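Heads up, the thing below is written out as structure tokens.
In UniProt numbering, the protein residues as written are 1 to 369.
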């Protein structure tokens, strides 16, 4: 219930508290009305908080209209808008807003402006332009900007540019190191990523779960199981052994090194696997020729998991062997057969997305996909 302003003017702190507590868009619009009634419709602090909350509800159009209704917005309010567009899958709007900021206002972009705008670049040409602007404005070596540049250059396969930015940073935090290691791994520079990881260790930089996951991916591709197991011991020592990201990396490591059973055991330790964990397990089965085994790990968009209702292992002679049937629901733990052809159709689409060759059984007839 929104307090009435008839008993006196509501304070800024009260209005901000109401914004923070709003649980629905309707509640937020009521708070906005109170904000106007109490004379805070142009108050930068309150408007900034309201804009952030609007983005939390995915109301990008309302957030944009609100910011542009303020006669004299500051750079912090614009940064909230830029970041909100980036997080709400509107990267082109972030770039357009940055262009508007430079052409039509007297506001000067700061490090947060660049850190929020750079991830919205759709190609390396835009990225290079923003990189140049950040250097001219004196933010090219800021750690937030550097992390964004390394990540985006790596995304566009400009690993040399990413490494140049990384090597030129006066300070490097864990996020920046992770961006460089992940960028190298994603561009198949596995040996170099391992060397960067070793440099990170040598410089005493704090590791996190993302660090461990990234370097495990490198060792998985290099099929260095022994060294990867050493990283597993390190993860155990620093308390990351139960982290989903680390377990996912270990799944990839063991599967790529041929130890599918250990990979399956690790997958079973994840109480709520995400799509990345499922992908790692699926890829591991496929890598080892267990094409039908992917029926053990089916992801559902509604938050439930249907686990393998048929298991088929393809032999070297091309034959398909039926091993087991059934589904397991994480909702009630029940085991049953597929309820409808629609369920099987959805499953086939998921498999097709990963380009997997499967064998499906229909009335004991083998059909190749």
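Cβ coordinates follow ideal geometry from the N, Cα and C atoms, glycine included.
Only a predicted model underlies this, so the values are computations on that prediction, with no experimental measurement involved.
| request: Please classify residue 178: is it buried, with 16 or more other beta-carbons within 10 angstroms of its beta-carbon, or exposed? | output: Within the chain shown, residue 178 is the residue found at index 178, counting from 1. Under this definition residue 178 is a buried residue.
| request: Look at the Cβ atom of residue 50, then the Cβ atom of residue 27, and state whether they are nearer than 8 Å. | output: Taking the chain shown and counting its residues from 1, one reaches residue 50 at position 50. Taking the chain shown and counting its residues from 1, one reaches residue 27 at position 27. Their beta carbons are not under 8 Å apart, which means residue 50 does not touch residue 27 by this criterion.
| request: Going by CA-CA distance only, name the one from 245, 74, 68 that's closest to residue 276. | output: On the chain shown, position 276 is the one that residue 276 refers to. Comparing C-alpha distances from residue 276 to each of 245, 74, 68 shows the shortest one belongs to 245.
| query | Whose CA, out of 171, 187, 137, 56, lies closest to the CA of residue 200? | reply | For this step, residue 200 is matched to residue 200 along the chain shown. That would be 171, whose Cα lies nearest to the Cα of residue 200.
| query | How about residue 149 and residue 133: do their beta carbons lie closer than 8 Å? | reply | Within the chain shown, numbered from 1, the residue matching residue 149 stands at position 149. Within the chain shown, numbered from 1, the residue matching residue 133 stands at position 133. Against a cut-off of 8 Å, the Cβ pair of residue 133 and residue 149 comes out as no contact.
| message | Please report the straight-line C-alpha distance between residue 109 and residue 151, rounded to a whole angstrom. | response | Walking along the chain shown from the start, residue 109 turns up at place 109. Walking along the chain shown from the start, residue 151 turns up at place 151. Approximately 20 Å between the Cα atoms of the pair.
| Excluding five sequence neighbours on each side, which residues of the same chain lie with their C-beta closer than 7 Å to the C-beta of residue 243? | The residue given as residue 243 occupies position 243 in the chain shown. 209.
| message | Can you check which of these residues, 24, 29, 40, 23, is closest to residue 13 by C-alpha distance? | response | By one-based count along the chain shown, residue 13 stands at place 13. Minimum Cα distance to residue 13 is reached at 40.
| message | Please report the distance separating the alpha-carbon of residue 233 from that of residue 9. | response | Position 233 of the chain shown, counted from the first residue, corresponds to residue 233. Position 9 of the chain shown, counted from the first residue, corresponds to residue 9. C-alpha separation (whole angstroms): 60 Å.
| query | So what's residue 338 in DSSP terms, helix, strand or just coil? | reply | Within the chain shown, the letter at position 338 stands for residue 338. Low local confidence applies: a pLDDT of 43 at residue 338 is under 50, so the model's placement there is unreliable, and no value is given.
| CA nearest to the CA of residue 175, picked from 157, 161, 212 | For the purposes of this step, residue 175 is taken as residue 175 along the chain shown, with counting starting at 1. It is 212 whose Cα lies nearest to the Cα of residue 175.
| If we call anything under 8 Å between Cβ atoms a contact, is residue 182 one with residue 214? | As a working mapping, residue 182 is identified with position 182 in the chain shown. As a working mapping, residue 214 is identified with position 214 in the chain shown. Result yes, Cβ atoms of residue 182 and residue 214 sit closer than 8 Å.
| field | Of the listed residues 62, 103, 282, 23, nearest to residue 85 (C-alpha basis) | value | Within the chain shown, numbered from 1, the residue matching residue 85 stands at position 85. Measuring from the Cα of residue 85, the nearest candidate turns out to be 62.
| said: Determine whether the beta carbon atoms of residue 284 and residue 252 lie at a separation below 8 Å. | reply: Counting from 1 along the chain shown, the entry for residue 284 is found at position 284. Counting from 1 along the chain shown, the entry for residue 252 is found at position 252. It is a contact, given that the beta carbons lie within the stated cut-off.
| query | For residue 54, which residues from the same chain have a beta carbon less than 6 Å from its beta carbon, with the 5 sequence-adjacent residues on both sides left out? | reply | Position 54 of the chain shown holds residue 54. These residues qualify, in order along the chain: 62, 63.
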